[in-house]
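Quick note, the sequence shown lines up with residues 1 to 132 if you use the UniProt record's numbering. Glycine is no exception: its CB is placed at the ideal position from the N, C-alpha and C atoms. As structure tokens, the structure follows; a few thoughts come after it.
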Amino acid sequence: VGAELCIRARLRYSRMGEVTADDGSTLTIAATFAGAPSLTVDAVIVPCGNIADIESCGDARYYLLEAYKHLKPIALAGDARRFKALLNIDSQGEEGLVEADNVDHHFMDTLLTLMAAHRVWSRAGKINAIPA
């Protein structure tokens with residue numbers, strides 16, 4: 001009997017309400033960064049687009065640092081790759097990090113493979129330096 005994969009994406013932001021996607025669609029924010037810590041998720045995706053709001057948001061930065069410290073897979077698309085500097089990740093990347101210009105099938109397949117492992121154990125030696 002094959003297992004069925006169930007993924008539930010939940011949008012986090014600095015405030016509750018809705019945001020408008022690049023394609024004009026409206027997305028409902030499920031929780032704030034502070035109200036639903038990254039400990040409650042299996043991975044974090046930071047999509048491409050205008051990330052200026054979250055880049056300057058302390059709660060968003062802490063959320064990402066906390067996810068990194070708890071060995072969660074992290075996916076960065078497009079200009080969100082600038083967050084590698086926050087995580088102290090070299091330009092060539094590292095295990096547990098998925099990055100691309102856009103979110104596509106390869107991007108998601110790689111992320112799902114990392115999620116199946118549950119944690120990025122190769123990162124464990126770095127976590128004591130993470131302020132989260």
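Secondary-structure assignment with DSSP links THR20 through a beta bridge to THR26. It is roughly 27 Å from the alpha-carbon of GLN92 to the alpha-carbon of ARG12.
Contiguous alpha helix (DSSP H) elements confined to the UniProt domain "Large catalase C-terminal" (27-124) occur at 52-55, 58-69, 83-86 and 105-116, taking only those with 4 or more residues.
About 11 Å separates the CB atoms of LEU64 and VAL41; that is not less than 8 Å, and the two are not in contact.
At the C-beta level, ASP22 and GLY58 stay beyond 8 Å of one another. Its chain contains LEU11, ARG12, TYR13, ARG15, MET16, GLY17, GLU18 and VAL19 as the residues whose beta carbon lies nearer than 8 Å to that of ILE29, once the 5 sequence neighbours on both sides are disregarded; these appear in chain order. CA-to-CA, the gap between TRP121 and ASP53 works out to about 31 Å.
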